[in-house]
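In numbering that gives the first Met the number 0, the protein residues as written are 0 to 123. Using N, Cα and C, we set each Cβ at its ideal position, and we do this for glycine too. Below is one structure, written out as structure tokens, with a few remarks after it.
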Amino acid sequence: MRTPLGQVRGLGAARSGTGHFWLQRLTAVSNLLLSIVFVSVLISLAGDSHAAVTATLSNPVIAILMLLFVISATVHMRIGMQVIIEDYVHAELPKLLALMANTFFAIAMGLSAVFALLKISFGV
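Structural data, given as structure tokens:
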């Protein structure tokens, strides 16, 4: 026999809240660090030619850091919007549609950015 508190400890109403909570915090910290790298690369490329920008983004270290930034920011964006939708959209069908649209939008934006970075990085 378990007490009611023991049955729900570590679980939210949807039984997965702690995972989203920690993933949101993890992506927030990674966004903080990767944003510094992103902004510093952006500042260093200001005013450079297209060839110089392409050469910089072709560097494997820079390309990997940019890809990590895109992935982390996209995941963070999707989770943040999901929390807002779950908190403020109360009807079930609009909530479901908004959550689906949020996921599809995040995937589309993330894949578009990853594709563009990989295309520049590999020089295709």
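Closest by C-alpha distance to residue 24, out of 74, 112 and 88, is 74. Annotated as distal: residue 61 and residue 22, with beta-carbon spacing of 8 Å or more. Around the C-beta of residue 41, fewer than 16 other C-beta atoms lie within 10 Å, and the residue is accordingly described as exposed. A buried status is given to residue 33, since no fewer than 16 other beta-carbon atoms sit within 10 Å of its beta-carbon. For the 8 Å CB-CB criterion, residue 70 and residue 109 form a contact. Within its own chain, the residues whose Cβ lies closer than 6 Å to the Cβ of residue 68, once the five positions on either side in sequence are excluded, are 33 and 37, listed in chain order.
Each of 50, 82, 92 and 90 was checked against the Cα of residue 20, and the nearest Cα belongs to 82. Taken through DSSP and simplified to helix, strand or coil, residue 101 comes out as helix. Look at residue 50 here: in three-state DSSP terms it is helix.
Counting along the chain, the unbroken alpha helix (DSSP H) around residue 82 starts and ends at 59-87.
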